[in-house]
Amino acid sequence: MHAGVIAAPRQAALQSIAPPEPGPGQVLLRLQGSGVCASSLPLWEGREWFNYPQPPGAPGHEGWGRVAALGEGVTGLQPGDRVAALTYRAHAEYDVADAGSVLRLPDELAGAAVLGEPLGCAANIFQRSEIRAGQTVAIVGIGFLGALLTQLATHAGARVIALSRRPFSLDVAKAAGAGPTLLLDDHWQILEKVRKLTDGKWCERVIECTGLPWPLDLAGELTAERGRLIIAGYHQDGLRQVNLQLWNWRGIDVINAHERDPQAYVAGMKRAVDLMLEGVLDPAPLYTHKLPLDRLGEALELTRTRPDGFMKALVTT
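For the sequence shown, our numbering begins at 6 and goes up steadily by one.
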């Protein structure tokens, strides 16, 4: 099979290797494609704690495809079933997954790219946000995740204030149902605008989706008394200092909305698929760039630079 390999920082290659074999309780997947996640950027850019070359297919974890073979003891799945799955070397033509981490997709989604992990992540973050009709929700950072959360919050009846550094992303947020949209540029101007938009009450829910220090600081200041600050951004580049005095004074709940239990992820994936069937969640317009597997490096570089018009890259096999 062919697999993408991150050979060195900002260097990707296509490698020919033997496909993996499913062990007991595992499923062999013939992948149709995988999404490129921003959490892979530190590995792509290079950090001293990473080793190169990376294993073939790593760190792809947003794959979908069909069941190719079943390991011993696997039930409930058949070769040919179209599935999304939690795997970790999905930038490849084949990968293996534990059977409990494989979700069979309904026929209604035939032909759709169903990126199980990020869609499940969005569903889980939304669930933990406890967004209700009539609330004002600020979403700080409109990338793929922020756009999905905008769809979900709007459908729940909340007023969404979308914030992003890219005008293109704000247009995407408007299309997803956001009300006011603000550029992430001047801290104090943003605070003044949101204060006026909320009559000085701030936002009952604030979801930070950037993984960066300044937007996290801003998100805390946008959160209302007894509100909920949901940290959905993946903070992986060092320590953070936060205004704990403000957080204490306003009595806000701070939720780190990432899951690590595979079954929690799969439950989120199931909810996401149901929401897609209902027409609530529509990721298709957010797949702005589709490239073949031998252009994995280009897909990662697009994810790093985020040019105008970019939202999410897929690599297909």
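Glycine included, C-beta positions come from ideal geometry on N, C-alpha and C.
Let me check one thing: in DSSP terms, what residues is residue i bridge-paired to?
i, result
"residue 87", "71"
"residue 214", "For residue 214, which the question treats as bridged, DSSP gives no partner whatsoever."
"residue 183", "Partner(s): none; residue 183 has no beta bridge."
"residue 1", "Residue 1 lies beyond the range of the chain shown here (6 to 322); nothing can be said about it."
"residue 3", "Outside the shown range of the chain (6 to 322) lies residue 3, about which nothing can therefore be said."
"residue 234", "211 and 259"
Looking at the structure shown, is residue i part of a helix, part of a strand, or coil, going by DSSP?
i, result
"residue 229", "strand"
"residue 270", "helix"
"residue 222", "helix"
"residue 206", "coil"
"residue 297", "strand"
"residue 141", "strand"
"residue 291", "helix"
"residue 199", "helix"
"residue 188", "strand"
"residue 247", "coil"
"residue 47", "helix"
"residue 172", "helix"
"residue 302", "helix"
"residue 112", "helix"
"residue 177", "helix"
"residue 54", "coil"
Please report the residue range of the beta strand (DSSP E) in which residue i lies.
i, result
"residue 33", "31–40"
"residue 321", "318–321"
"residue 261", "258–261"
"residue 133", "Segment 121–134 is the alpha helix (DSSP H) holding residue 133; no beta strand (DSSP E) there."
"residue 166", "164–169"
"residue 108", "107–109"
Smallest Cα separation from residue i: which of the options?
i, options, result
"residue 268", "91, 179, 55 and 33", "91"
"residue 99", "79, 226, 258 and 67", "67"
"residue 223", "204, 244, 243 and 252", "252"
"residue 97", "126, 17, 165 and 145", "17"
"residue 287", "132, 150 and 250", "150"
"residue 241", "11, 39 and 47", "47"
"residue 279", "105, 245 and 119", "119"
"residue 272", "28, 36, 109 and 60", "109"
"residue 158", "174, 131, 177 and 168", "131"
"residue 322", "29, 34 and 30", "34"
"residue 216", "22, 42 and 296", "42"
"residue 304", "116, 115, 320 and 71", "320"
"residue 136", "191, 208 and 86", "208"
"residue 142", "229, 281 and 51", "229"
Under DSSP, the alpha helix (DSSP H) around residue i begins and ends at which residues?
i, result
"residue 158", "149–160"
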